[in-house]
Every structure is written in C-alpha cells, then in structure tokens.
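Mapping of the sequence shown onto the numbering used here: residues 87 to 195, in sequence order.
Inspection log for the structure reproduced underneath, given as structure tokens.
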Amino acid sequence: MTNKDFFLDPDEAQTLGNINYMRKSTRVRHTFPKNLKNPNGFEVVKEISSLDGNSKNNFQQSSPESSFSSPKSQPTQFKSSVSDSSPKSTPSSSNMDLFRNMARNIGKR
C-alpha cells in the first residue's frame, strides 16, 4: 500500500472548501463615533487570515488632517450603587402572596 491511500494533500487536509479563499486575508473595519474625549472619531482596521490564525490591528483617525495615530482611551471607573454589606431582597407584595397560595392549593390536590 502506498502513502497516497491514507493521507491527503496538505491543501485538502486543511479544508474541504475553497483553499484559495481560506488563504486570502480579509480586512475588517470598525468605526467609532465622535464624542467629547475624541472629537474626530477613529476606526480600527484588522486584517484576519484564516490559515495563519493571526490578525493585524491598525488604529486610524477618521479625519485625514490629524496626525494622531492611536486614540487615547482612559479606563472608566464605574461606581456601584448597591452596597455589598447589606444585600437587599425585593419586598413581597400581596400579588405574589396570592400566587403562592394558589400554587400551594394546586399542590394539595
């Protein structure tokens, strides 16, 4: 028996589809809106290759007159409005008591 009986070509082993399409890298572009911190907005361009498994990131300003190449982002601090020391449960209402009583009556039958 020869090796050809058991093994596929490298191209056939990687995909059952169009190998040329899988080799081609695709470009994905994400644009972000203008805001107070970044008045010009910016975009992120990624080139993704399926076979290589890597992606290249490029940050670009959306306005061409700016020479700024990457956006400055500061981490945002979120304050929790719920105190961790005393967990609050929702108060039971008379409507819930009515449904609980109905469920008990069904269970007794």
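Using N, Cα and C, we set each Cβ at its ideal position, and we do this for glycine too.
query                                                                                     : result
Range covered by the beta strand (DSSP E) that runs through F128                          : 128-134
N-terminal and C-terminal residue of the beta strand (DSSP E) that R115 is part of        : 112-118
V114 to S136 span [Cα, whole Å]                                                           : 13 Å
Straight-line Cα distance separating R195 from R186                                       : 15 Å
Alpha helix (DSSP H) segment containing L57, residue limits                               : Residue 57 is absent from the model: the chain starts at 87 and stops at 195.
Inter-residue Cα distance where the pair is V131 and N106                                 : 22 Å
Given T112 as reference, the closest of N181, E133, L184, D183 once Cα atoms are compared : E133
Residue range of the alpha helix (DSSP H) that includes N106                              : 105-109
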